[in-house]
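4 protein chains.
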Amino acid sequence: MKNNQRQLQKEQTRRKILDAAFSEFGARGIMATRMQDIAKAAGVSHGTVFAHFANYEAMITTVIEEFGGKMTLRTHELACDCREVRELLAAHLTSIMEFEDFYTRLVVEARLLPTAARDTFIMIQSAVSFHINQAAQREMDAGNIRAMPLALFFNTWMALIHYYLSNGYLFAPEGCVMKRYGGMLLEHFMGLARGDCGEKETAENA
Amino acid sequence: MKNNQRQLQKEQTRRKILDAAFSEFGARGIMATRMQDIAKAAGVSHGTVFAHFANYEAMITTVIEEFGGKMTLRTHELACDCREVRELLAAHLTSIMEFEDFYTRLVVEARLLPTAARDTFIMIQSAVSFHINQAAQREMDAGNIRAMPLALFFNTWMALIHYYLSNGYLFAPEGCVMKRYGGMLLEHFMGLARGDCGEKETAENA
Amino acid sequence: MKNNQRQLQKEQTRRKILDAAFSEFGARGIMATRMQDIAKAAGVSHGTVFAHFANYEAMITTVIEEFGGKMTLRTHELACDCREVRELLAAHLTSIMEFEDFYTRLVVEARLLPTAARDTFIMIQSAVSFHINQAAQREMDAGNIRAMPLALFFNTWMALIHYYLSNGYLFAPEGCVMKRYGGMLLEHFMGLARGDCGEKETAENA
Amino acid sequence: MKNNQRQLQKEQTRRKILDAAFSEFGARGIMATRMQDIAKAAGVSHGTVFAHFANYEAMITTVIEEFGGKMTLRTHELACDCREVRELLAAHLTSIMEFEDFYTRLVVEARLLPTAARDTFIMIQSAVSFHINQAAQREMDAGNIRAMPLALFFNTWMALIHYYLSNGYLFAPEGCVMKRYGGMLLEHFMGLARGDCGEKETAENA
DNA sequence: AATGAATGAGACTTCATTCAT
DNA sequence: AATGAATGAAGTCTCATTCAT
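Protein chains in written order, with the numbering used here: chain A, 2 to 207; chain B, 2 to 207; chain C, 2 to 207; chain D, 2 to 207.
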């Protein structure tokens, strides 16, 4: 139908806006990005953004939801083949690295975002938590990692990741903190979790 | 002399403004506090704030520097009597609890603050790090805690604390996250650090 | 021919738009109705309205002209069988009641409308005035109503009607002011016009 | 005190804004006047208007309240010495003539104003109604005017006045409808009210 | 030194109108 | 002829900063 052509056109514009917003959010920060910035980056007029999103809040919530969906999906995908916690955490790192700039902004500004947007961020974490907790429980049962409340296990991991992302400008001023520190963080965390003074790890790998 | 009188007056006003700002920052958030809010809370006129601080940025930087100094000093004080890491971390928690609202805002908004303010935040952490690292090194040498890079030891601790502060609205919606979770976090972290599967801790306490 | 088919189609669309506009104007108010509202109510696209009317002003002027024609026609129809002023005024009330919502909006917003639209409103009143004045003159000559300038007779009647319509939200918050007060206003006005201290009226009705 | 000087300054600015608004409202219409227009007319910056009035609605409500107070006061003053309805209505006309432009805008736009502003307009009318009804009752009792519900008496008078004001552009395109038609309307209305076919009036005046 | 009224740049949002399909 | 996405002018409102007193 003719509609398809228009529909496509509109969808493309929406895409352009969302992509521009995603990119601007990553580059400038979420709350520091103005509707004008997005419009300009998307190459559309100021009013067009409002033709696609009712208001500022709806716009950023949508971007975060979109991103959240993508990230959650990616996490699920990566988690599918993972039986061990270690693999899972590695997958988690991978999925973060794919969107590091944006994800970092999310971590940094989460508390300042409109509630709807913040809730979405929480849901992303819940999805991750589900997979990780499951695997962690298994390995605790198997005695591979120290017994501890699952929540603490998960929170410690998230805390480490978020800390390094938040302070990325110190650890890796050129960006890409996870590329540089991700592996190290994973080893460190696994070491702590196993409580093996780092020996076991080596032994196991041997 | 009259000059002295005036000087004193001025200093008092400055004090009122700084205290008001500190309090408002804790209550409303740093970036969410307007110059007007500070002036009103200080009981001075809007313009007076600008008589003491060149601009918004200078104002918040000064407050954070002041706070940083106070917090660092407190950390030193508390650290003085501490020989063991565990005591030191407990002291760190104590000093945070004394300023929890403001410190949390700092953690949450750090990345969005003017560079000068951010740098101050970094210095606070350096002061803490100095003491903790020293003690940690001692205990690692003594074999009380697992060997690991000092930076990782410190960062893991900070990450945990900041994670709980940042997400305080989830963990303790009524506020005072550290009062509620501080002790638990300390045990958890020490457990990880000792790598003792939680056994040693119990033994020690007995 | 195909041309005829198209012409017909076009005319039908135009009809839908005009009817929708009439209805929306009555419901929301004239100036408060946006082009979008009309398009949606008509079940056509936003742009279609502009294919039929050069701009907003042309659109509302046309609606009012159309309505004016209809109302004038109706007034003539109803006036045909009326010999007495009283009957005529009753007919006037009837014709107003048929379009009360829209007519009220017209009364309320007349002064704010584009000149062309306003002129149409004046013409409606002229048509009514023609009939009423004629009958009023007859009855004044016959001594049934007090002698007074015809214009004053007419204006007083219109003033009363418009006042009650304009303030309908006070007199009859549920709407339909004329259904509720029309009869009363007619009696009141006739009483004033006859100058009979209300006696005659009662006698007549008996 | 020094405060007085500033207070005065501020009050003057507020006055300038209110006067400018009053004048612009009269000239352009109330809803057609933008904050910018008022600022420009008052010779102050855009932001200054918002320093004095929280928002658009507060601004126009204040102007109408101010005006309403003035008008009500004037009505009371003029009503004080009036024993007869006729004098009272004349006084009412006088008070309207003093603010004809603005009052006409109020009449014309009343239904479209924010509720608070509209309520104020209603209160103005209530004040007038109080005096008029009182006098009318007396004269009805005395048999000087026809017996009729007070509300109808009052509404008929208001209707006439508002009708002529609303349609002033037809009756007196150069403005000042009431100066030109006020006296005539008063005679006409009194004639209707007395129900004396105009004879009594002449006799009485003789 | 303190005041607080005034300023104006800048952000969001609405909606009549245009135009490519 | 109909569509509806895109446009951009215009309006409200906020708040850091200035400046006369």
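Ideal Cβ positions, reconstructed from N, Cα and C, are used throughout, including at glycine.
Being a predicted model, the structure only gives us computed values, none of them experimental.
Asked: Proximal residues to Val64 of chain D (C-beta, below 7 Å), its chain only, five neighbours per side dropped; Found: Leu19, Ala22, Phe23, Phe26
Asked: Ranges of the beta strand (DSSP E) found wholly within the stretch 93 to 172 of chain A, counting only runs of at least 3; Found: none
Asked: Nearest-angstrom Cβ-Cβ length linking Ala160 of chain B and Tyr57 of chain A, presumed shorter than 8 Å; Found: That pair is no contact at about 32 Å.
Asked: Rounded separation between Leu9 of chain B and Arg75 of chain B - CA only; Found: 26 Å
Asked: Whole-angstrom distance between Thr14 of chain C and Gly48 of chain A, CA atom to CA atom; Found: 29 Å
Asked: Within 7 Å of chain C by C-beta, residues of the stretch 150 to 170 of chain D in sequence order; Found: Leu153, Asn156, Thr157, Met159, Ala160, Leu161, His163, Tyr164, Ser167
Asked: Contacts of Leu187 of chain B in chain A (Cβ-Cβ under 8 Å); Found: Correct list: empty, because the minimum Cβ distance to chain A is about 12 Å.
Asked: Residue nearest to Leu171 of chain A in terms of C-alpha spacing, selected from B:Ile123, B:Ala59, B:His93; Found: B:Ile123
Asked: Beta-carbon proximity of Glu110 of chain D to Gly176 of chain D, cut-off 8 Å; Found: no
Asked: Met185 of chain A, buried or exposed, once every other Cβ within 10 Å from all chains shown has been counted against 16; Found: exposed
Asked: Reference Val1 of chain C; option with closest CA among C:Ala152, C:Ala143, C:Arg112, C:Ala148; Found: A question about residue 1 of chain C goes unanswered here, because the residues of chain C that appear run from 2 up to 207.
Asked: Contacts around Met72 of chain B, its chain only, beta-carbon distance under 7 Å, and the 5 residues preceding and following it disregarded; Found: Ser96, Phe100, Ile125
Asked: Neighbourhood of Lys180 of chain D by C-beta distance below 7 Å, restricted to the same chain and skipping five residues each side; Found: Met98
Asked: Cys198 of chain A at chain B interface by Cβ criterion, 8 Å; Found: Interpretation of Cys198 of chain A is limited by its pLDDT of 42, a score under 50 that renders its predicted location unreliable; the figure taken from the coordinates is listed afterwards. Answer yes: the Cβ-Cβ gap between Cys198 of chain A and chain B drops below 8 Å somewhere.
Asked: Backbone CA spacing between Leu94 of chain C and Gly183 of chain C [nearest angstrom]; Found: 7 Å
Asked: Backbone CA spacing between Phe68 of chain C and Ala40 of chain A [nearest angstrom]; Found: 43 Å
Asked: Leu89 of chain B vs His132 of chain B beta-carbon contact at 8 Å; Found: yes
Asked: 7 Å Cβ cut-off: residues of chain C touching Arg112 of chain D; Found: Val109, Ser167
Asked: Residues near Ile146 of chain B in its chain [Cβ-Cβ closer than 6 Å; skip 5 each side]; Found: Glu140, Ala194, Arg195
Asked: CB of Met32 of chain B within 8 Å of CB of Val50 of chain B, strictly; Found: no
Asked: Residues within the stretch 8 to 32 of chain A neighbouring chain B, beta-carbon criterion of under 9 Å; Found: Gly30, Met32
Asked: Where Thr34 of chain A falls: helix, strand or coil (DSSP); Found: coil
Asked: Boundaries of the alpha helix (DSSP H) in which Phe190 of chain B is found, first to last residue; Found: 178 to 195
Asked: Against chain B: residues of the stretch 89 to 100 of chain A by CB proximity under 7 Å; Found: none
Asked: Distance, Gly192 of chain A Cα to Glu200 of chain A Cα; Found: Since pLDDT at Glu200 of chain A reaches only 41, below the 50 mark, its modelled position is unreliable, and no value is offered.
Asked: Exposed unless 16 or more other CB atoms sit within 10 angstroms - verdict on Ala136 of chain C; Found: buried
Asked: Buried versus exposed, by CB contacts within 10 Å (16 or more), Ser167 of chain D; Found: buried
Asked: Ile61 of chain C versus Ser46 of chain C - alpha carbon distance; Found: 17 Å
Asked: is_contact[Leu193 of chain B, chain A] using C-beta, thresh 8 Å; Found: yes
Asked: Simplified DSSP assignment, three categories, for Val45 of chain B; Found: coil
Asked: Outcome for Asn156 of chain A when other beta-carbon atoms lying within 10 angstroms are tallied against a minimum of 16; Found: buried
Asked: Under the three-state DSSP convention, the category Glu12 of chain D falls into; Found: helix
Asked: Candidates A:Trp158, A:Val86, A:Arg119, of which the one nearest Gly144 of chain A by Cα; Found: A:Val86
Asked: Burial state of Ala80 of chain A (16 or more Cβ within 10 Å); Found: buried
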